[in-house]
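Notes to accompany the following structure.
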Amino acid sequence: MRQPEVIARGRGQWWQRLARRLRLHIAGPRLSIAWSPGYTFRLPGGLHDPERGERILAFLAEERLVRPNRVLLPEPIGWEELRLVHTDGYLESVHEPRGLSRVFGVDLTEAQQERLIEAQRTMAAGTAMAAEAALPRRSVAFNLGGGFHHALADRGQGFCLFNDLALAVGRLRRQGFAGRVLIVDLDLHDGDGTRRIFADDASVHTFSIHNAPWGDEQAVESTSVSLGAGVEDERLLTTLAEQLPPLAARFLPDLVLYVAGCDPAGDDRLGNWKLTADGMLRRDRFVYETFRRLRQPPAFVGVLAGGYGEHTWRYSARFLAWIVSRRRIEPPSSEELTLDQYRRMARALSPADLQGARSDDDWSLSYEDLAGSLGGSAQESRLAGFYTRQGVELALERYGFLAKLRQLGFQPAISFELDHPGGQTVRIHGDAARRELIMELRLRRDRRTLPGSELLFVEWLLLQNPRSPFSPSRPALPGQRAPGLGLLRDVMSLLVMICERLGFAAVGFVPSHYHLAAQSHDLLRFVDPSAEARYRAFATALANLPLGEASRAAGDGRVVDEVTGQPVRWAGTPMVLPVLAALRDQLGGDAYLEEVARLSAGMRYRLVGPKPETRFSARS
């Protein structure tokens, strides 16, 4: 199969971008997108990306691939409509105290339970709205949520409360639709709930390729294929090519509901398959093209379903961009997208907002007087010599950072220590009594790390959720007392906003553990080329270990130099996130990269000691 052309985001001549937009205007399909801010819910534990759908929509909007009038905004599906699929007894039990703990595997407060129920009701309505939008003209629609295929009529399971796929069919049936429905489920996990709901309905075929069966596989119209663990691109694509086209030709559906799960990807935090980004896109394209080639193509509706990790959204974004453009348009990294979103919000904040109201006396000190005291003067009253306490709180509120903490069940309380000799400190506690520390950030100015450049240096950063337990899928990393908040990208974006407003060249920090460098390496760069070469040698030696175990091995002498045979231990050296273009060019230029390559050639490490752990699969 010919590989699609890759278009780098933001690159290319103006006429190439114009030509692409003209092609989209002439040939692009009628793509409807269902999404609502009500989809966002931060589940403790950090496995789910709560902004997954929002990131996809932001990317499509940035690339001009979705029209505003094709975005559907669902409201929560009504409780009476939920009875189209679910039993009264089950719907009543959803509101029982701790009733969702079994479904989601974590303890939730009453407020969190209500918010989660509302979020899944809203996503269920989104699947139904997408189907209603696509059906009249047999067009294409996608819900940036949903895919709750484990939910049965009388109970929820596997992170799924309400079966949105069955509810969409039920609502269409009530409106008079009597056609055939084919549900193609390529989530990593078996679509058992949907299959059981339609087990006796010959007008609905449930097709599922998964790693293992979850329950009874008998149904009057069903295909259920279990491939086990470790599946790579070609095996899945071969199985799909053998099974799906003959079924499509025989069943001739009027509506296809595609459960486009992203947990088969090799970098999924819960999955045990090994699909590449190219394999995921080939999978999605094959499903789409199989049905568009039929003599009478059906309406085609997709849902997100499973996918666990910070970059899961990018698989769906590639697919939707291809549907509209017929090209592979590479999405930005999650970090780049988050930073772009913060920059847009920053434009709405004026210096007066951040500095607060001043009296005439405030102007007796110049900005230079104030800015020079970061981490130095006992008289300092502004963060970075610029932001008042009220300005910091306003910025955190306007950027939505505090709202994200509230979604986790916290009531954030902010405090400051701006005259500490080691740097200025901002703390956020999760309760008014300040018993739960959830964030602590200490900053200082730095003119020594990069001579000629001034950095905003992070001396200390703590992000933790003391209410969330560690788990087998999310074990403690070295130095952790509690799991993280999942907001590191947001904090780094806020720091970049400070740098851009006040003229710092970069954000800097020293990764005390290997895992901190590994988590930051996509975005930050080592100042010293030898440190970059050393990191690459560690990364090669530790590639088959889970991140936490890799970090421990790097610190306890289980990595040795192949030339000398001596143990090498991780030692942190400065990394920076360049903000000024000149510094980005310096640390990414040919001279830097050539020096890294030269040093890497003589640096070979290997792991000694216990074998790497085996990853496992959990619920979708």
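Per the numbering used here, numbering of the sequence shown is gapless, rising by one per residue and ending at 878.
Cβ coordinates follow ideal geometry from the N, Cα and C atoms, glycine included.
Rounded distance between the beta-carbons of A386 and L425, thought under 8 Å = 6 Å
Length of the line joining the Cα atoms of E655 and E390 = 37 Å
Tell me where the alpha helix (DSSP H) around T452 begins and ends.
-> D450 to I455
Among D677, V442 and Q599, nearest to F558 - alpha-carbon criterion = V442
Are the beta-carbon atoms of E698 and L720 separated by less than 9 Å?
-> yes
Is S359 buried or exposed, if buried means 16 or more other CB atoms sit within 10 Å of its CB?
-> exposed
Could you check the C-alpha separation between A266 and G823 for me, to the nearest Å?
-> Because the pLDDT of A266 is 35, which lies under 50, any placement of that residue in the model is unreliable, and the number read from its coordinates should be weighed accordingly. Their Cα atoms are separated by approximately 43 Å.
For W828, collect the residues of the same chain with a Cβ closer than 6 Å to its Cβ; drop the 5 residues on either side in sequence, then sort them by chain order.
-> Y772, A812 and G813
6 Å Cβ shell around R794 - same chain, five flanking residues per side excluded = S858
Rounded to whole angstroms, what's the CA-CA distance from F406 to L562? Just pull it up for me.
-> 9 Å
Tell me whether the beta-carbon of L845 lies closer than 9 Å to the beta-carbon of P832.
-> no
With which residues is T700 paired in a DSSP beta bridge?
-> Just to set this straight, residue 700 is Arg in the shown sequence, not Thr. Answer is T683 and W718, bridged to R700.
Considering only residues of the segment 316-350, which uninterrupted alpha helix (DSSP H) runs meet the minimum length of 4 residues and lie entirely inside it, listed in chain order?
-> 337-340
How many whole angstroms separate the CB atoms of L578 and F400, which I take to be in contact at a CB cut-off of 8 Å?
-> 6 Å
Which runs of the beta strand (DSSP E) fall wholly inside the segment 474-546 and span at least 3 residues, in chain order?
-> 480-484 and 513-517
Could you tell me if R508 is buried or exposed, where buried requires 16 or more neighbouring beta carbons within 10 angstroms of its beta carbon?
-> exposed
Can you tell me which of the three DSSP states A876 falls into?
-> The pLDDT assigned to A876 is 39, lower than 50, so where the model puts this residue is not dependable, and the model offers no usable value.
Under three-state DSSP, which class holds M861?
-> coil
Which one of P308, W293 and S294 has the shortest CA to CA distance from R300?
-> P308
Under a Cβ-count criterion, where at least 16 other Cβ atoms within 10 Å of its own Cβ denotes burial, should P504 be classed as buried or exposed?
-> exposed
Since C418 sits in a beta bridge, which residues does DSSP pair it with?
-> Q415
Whole-Å CB distance - I756 paired with L714, under 8 Å assumed = 6 Å
Separation of L735 from L282, as counted between CA atoms = Interpretation of L282 is limited by its pLDDT of 44, a score under 50 that renders its predicted location unreliable; the figure taken from the coordinates is listed afterwards. So the two alpha carbons sit approximately 46 Å from each other.
Per-residue burial, L515 [other beta carbons within 10 Å of its own, 16 or more giving buried] = buried
Reference V398, options V483, A839, A316 and I581, closest by Cα | I581
So which of V765, F644 and S788 has the shortest CA-CA distance to S778?
-> V765
Can you tell me whether Q378 is buried or exposed, with buried defined as 16 or more other CB within 10 angstroms of its CB?
-> buried
Give the straight-line distance between the Cα atoms of D536 and L595, rounded to the nearest whole angstrom.
-> 21 Å
Under the three-state reduction of DSSP, which class applies to D443: helix, strand or coil?
-> strand
For the candidate residues S711, T548, G742 and A799, whose alpha-carbon lies nearest to that of E500?
-> T548
Rounded straight-line distance, which links the Cα of H353 to that of E588 = 42 Å
Segment contact, 8 Å Cβ cut-off, at least three pairs: the segment 568-578 with the segment 305-321 = yes
Taking E593 and R747 to be in contact with their CB atoms under 8 Å, please state how far apart those CB atoms are, rounded to whole angstroms.
-> 5 Å
Out of D521, E479, T646 and L533, which has the shortest C-alpha to C-alpha gap to V489?
-> L533
Give the secondary structure of H468 by DSSP, where H, G and I count as helix, E and B as strand, and everything else as coil.
-> strand
So E712 packs on G681, CB below 8 Å; how close in whole Å?
-> Rounded, the Cβ-Cβ distance is 14 Å, inconsistent with contact.
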